[in-house]
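Structure record follows, encoded as structure tokens.
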Amino acid sequence: MADRLALLIGTKKGAFVITGDDDRERWSVRGPLCEGWPIHDVSYDASTGAILAGGGSPWYGPAVWRSDDLGETWSHSSDGLTYGDDGPKIATVWNVTAAHGTVWAGVDPAGLFRSDDGGRTWSHVQALRDHPSRPEWSPGAGGLCLHTIIPHPDDPDRLWVGISAVGMFETRDGGATFELRNKGVRADFHPDRYPEFGQCVHKAILATGTAETLLQQNHCGVYRSADGGRSWTEITGSLPSDFGFAMGGHPTRPETAWIVPLNGADKGRYVPDAAMAVWRTRDAGDSWQRLSSGLPQQDAYLAVLREAMAVDRLDPAGVYIGTSAGVLYGSRDEGDSWRPIAEHLPPIWSVDSVAVG
Amino acid sequence: MATVHLPRSLVALFPGAPRTVEVEGDDVASVIAALDGGIPGLRDRLVDAGPVLREHINVYVDGERATLRTPVARDSVVHVIPAVSGGSADPAGAGA
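Sequence lines, in order, name chains X and D.
According to this note's numbering, the first sequence is numbered sequentially starting from 299.
According to this note's numbering, the second sequence is numbered sequentially starting from 177.
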């Protein structure tokens, strides 16, 4: 029997938990949760069974929410989630990721916080904002946000983070120091097309089962790194656009990943020709295949945003994408065919999947 | 003690919290600190770095718009009201 899945959804108007049956055939929607706050990211802490949700209320500010009963009841905290009374005001939480007993949160304006008590209290990882590049950080269209956090699978002292219009960083000493990881990544909007920093990373993932292979969807192309981000090789290849946000990796095959190209930064940021498609590589980006069966092929003026793709751990893998138009699509065959799971949600900002037994 | 009226959307964040609370305090900042003593975490929802009241939170003391430094009398009535202006879309959006 297959594991039953829960899809954890962050939207402009709250979080949702969508529970599937054994066949990933029928789904039940529960929400909006987190009091309808804008929620940028919902993730799962496998070590504790907690759902974590990061976001910010336009009235009540940023917070990380936590549920220990699959979304039935919630608490929230922003205790310590501050740059201090003399620092900039934090608008919202963009990413919340748990690993090795620590919960990490990325916020806007860009910075990294850690919690070693499950999200109840937070402390600022000062070294990132002390980086020599920081005076030159400037926001992208989505703000100056730290939106991507990738824990190393084995080494709790290693972590990659991504900041819009700044680029990727890595710490190898638990956050005491950070190094830039942008070599080989284009920045077409910059006088120097390959600067040390200033690249607009949109999303990055670690290829499953690897310790050093990263994939990145950037404002200017798709990239692969085999050395933990020290150097990147462009793999945009035959893709219809070098612009997009979402990216997901296969649970067991590191060469397989999915993305959703959009038409371009200055062309409306929707799927090319308003025909929706997911693109899959099975050779680590050397080639790409367009997958559109079951997805709208006309008048689809929508996007899939950076956290709005998830891949389950079943065989064949299920892939889930949430659109800016509030439709959640699922595929039970690794992207070959798609169908809607929920069609009238608020604009979807994040999707995660978790086996619930 | 001052009587403080809290909005539904705020008390909803703290299960069991009452809509009306009687607390000691000689200004808005100390009233909010006293509220936070009984409802831990409430101050963070109302007060931003500075410290200042969050941009879209309005506080009225005896009907007059207040700041954190506004005096509060023993028989004052304090209203905490989310501003209409706070209902707009999240300015951070999602980059597209």
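Built from N, CA and C at the ideal position, the CB exists for glycine as well.
Predicted model, so just to flag it, every value in this text is computed and none were measured.
Inset, instruction - Mind checking who Tyr-568 (chain X) pairs with in its DSSP beta bridge? - result: If you number the first sequence from 1, residue 568 (chain X) lands on position 270. Paired residue(s): none; Tyr-568 (chain X) is not in a bridge.
Legend entry - Chain-ordered chain D contacts of His-374 (chain X) [CB-CB under 8 Å]: In the first sequence, residue 374 (chain X) corresponds to position 76, counting from 1. Per Cβ cutoff of 8 Å: Leu-189 and Gly-217.
Legend entry - Minimum Cβ-Cβ distance from Glu-333 (chain X) to chain D less than 7 Å: Within the first sequence, the letter at position 35 stands for residue 333 (chain X). Chain D places a beta carbon closer than 7 Å to that of Glu-333 (chain X), counting this residue as a contact.
Legend entry - Same chain, Cβ closer than 6 Å to Lys-310 (chain X), five either side skipped, listed in chain order: Indexing the first sequence from 1 puts residue 310 (chain X) at position 12. When the five nearest sequence neighbours on each side are left out, the beta carbons in the same chain lying within less than 6 Å of the beta carbon of Lys-310 (chain X) are those of Pro-336, Pro-644 and Pro-645, in order along the chain.
Inset, instruction - Determine the burial state of Gly-271 (chain D): buried for a count of at least 16 other Cβ atoms within 10 Å of its Cβ, exposed for fewer. - result: Within the second sequence, residue 271 (chain D) is the residue found at index 95, counting from 1. Legend: pLDDT at Gly-271 (chain D) = 41, less than 50; position of this residue unreliable, value from coordinates given subsequently. That one is buried.
Inset, instruction - Would you kindly work out how many angstroms separate the C-alpha atoms of Leu-331 (chain X) and Ile-349 (chain X), rounded to a whole number? - result: Here residue 331 (chain X) refers to the residue found at position 33 when the first sequence is read from its first residue. Here residue 349 (chain X) refers to the residue found at position 51 when the first sequence is read from its first residue. Cα-Cα distance, rounded: 12 Å.
Inset, instruction - Using alpha carbons as the reference points, say which of X:Pro-430, X:Asp-321, X:Phe-495 and X:His-500 lies closest to Gly-441 (chain X). - result: The residue labelled residue 441 (chain X) in the question sits at position 143 within the first sequence. Out of X:Pro-430, X:Asp-321, X:Phe-495 and X:His-500, the CA that lies nearest to the CA of Gly-441 (chain X) is found in X:His-500.
Inset, instruction - Could you tell me whether the Cβ atoms of Leu-478 (chain X) and Glu-494 (chain X) are closer together than 7 Å? - result: Locating residue 478 (chain X) in the first sequence gives position 180, counting from the first residue. Locating residue 494 (chain X) in the first sequence gives position 196, counting from the first residue. Yes; because the gap between Cβ atoms is below 7 Å, this pair is in contact.
Legend entry - the segment 569-577 of chain X contacting the segment 598-616 of chain X, beta-carbon criterion three pairs below 8 Å: Look at the beta carbons and you see the segment 569-577 of chain X touching the segment 598-616 of chain X: at least three pairs across the two are nearer than 8 Å.
Legend entry - Other residues of its chain near Asp-366 (chain X): CB distance less than 6 Å, five sequence neighbours each side excluded: Counting from one through the first sequence, the residue named residue 366 (chain X) turns up at place 68. Counting only residues of its own chain and dropping the five nearest sequence neighbours on each side, Asp-366 (chain X) has a CB closer than 6 Å to the CB of Ala-348.
Legend entry - Gly-385 (chain X) beta carbon less than 7 Å from that of Val-340 (chain X): The residue you call residue 340 (chain X) lines up with position 42 of the first sequence. The residue you call residue 385 (chain X) lines up with position 87 of the first sequence. For Val-340 (chain X) and Gly-385 (chain X), no; Cβs fall outside 7 Å.
Inset, instruction - Give the secondary structure of Glu-477 (chain X) by DSSP, where H, G and I count as helix, E and B as strand, and everything else as coil. - result: Residue numbering aside, residue 477 (chain X) sits at position 179 when the first sequence is read from its first letter. In the three-state DSSP reduction, Glu-477 (chain X) falls in the strand class (E or B).
Legend entry - Beta carbon proximity, Met-299 (chain X) to chain D, threshold 7 Å: By one-based count along the first sequence, residue 299 (chain X) stands at place 1. Only weak support exists for where Met-299 (chain X) lies, its pLDDT of 44 falling under 50; the coordinates are left without a value.
Legend entry - For Gly-378 (chain X) and Pro-430 (chain X), the rounded distance between their alpha carbons: Locating residue 430 (chain X) in the first sequence gives position 132, where the first residue counts as 1. Locating residue 378 (chain X) in the first sequence gives position 80, where the first residue counts as 1. Roughly 24 Å separates the two Cα atoms.
Inset, instruction - For Glu-468 (chain X), name the three-state secondary structure that DSSP assigns. - result: Residue 468 (chain X) sits at position 170 when you count from the first residue of the first sequence. Residue state, collapsed to three classes: strand.
Inset, instruction - Could you name the residues that DSSP lists as bridge partners for His-232 (chain D)? - result: The residue given as residue 232 (chain D) occupies position 56 in the second sequence. Answer is none; His-232 (chain D) lacks a bridge partner.
Legend entry - Whole runs of the beta strand (DSSP E) within the segment 472-544 of chain X, excluding any shorter than 3 residues: Those beta strand (DSSP E) runs which fall completely within the segment 472-544 of chain X and span 3+ residues are 499-504, 512-516 and 519-523.
Legend entry - 7 Å Cβ shell around Ile-208 (chain D) - same chain, five flanking residues per side excluded: If you number the second sequence from 1, residue 208 (chain D) lands on position 32. Its chain contains Arg-219, Leu-222 and Val-223 as the residues whose beta carbon lies nearer than 7 Å to that of Ile-208 (chain D), once the 5 sequence neighbours on both sides are disregarded; these appear in chain order.
Inset, instruction - Measure the beta-carbon distance from Gly-527 (chain X) to Trp-458 (chain X) and round it to whole angstroms, keeping in mind my assumption that it falls under 8 Å. - result: Working through the first sequence from its first residue, we reach residue 527 (chain X) at position 229. Working through the first sequence from its first residue, we reach residue 458 (chain X) at position 160. Confirmed, Cβ separation roughly 6 Å.
Inset, instruction - For Leu-211 (chain D), return the contacting residues in chain X, with the cut-off set at a CB-CB distance below 7 Å. - result: Position 35 of the second sequence holds residue 211 (chain D). Going along chain X, no residue has its Cβ under 7 Å from Leu-211 (chain D), so there is no contact; the nearest lies around 14 Å.
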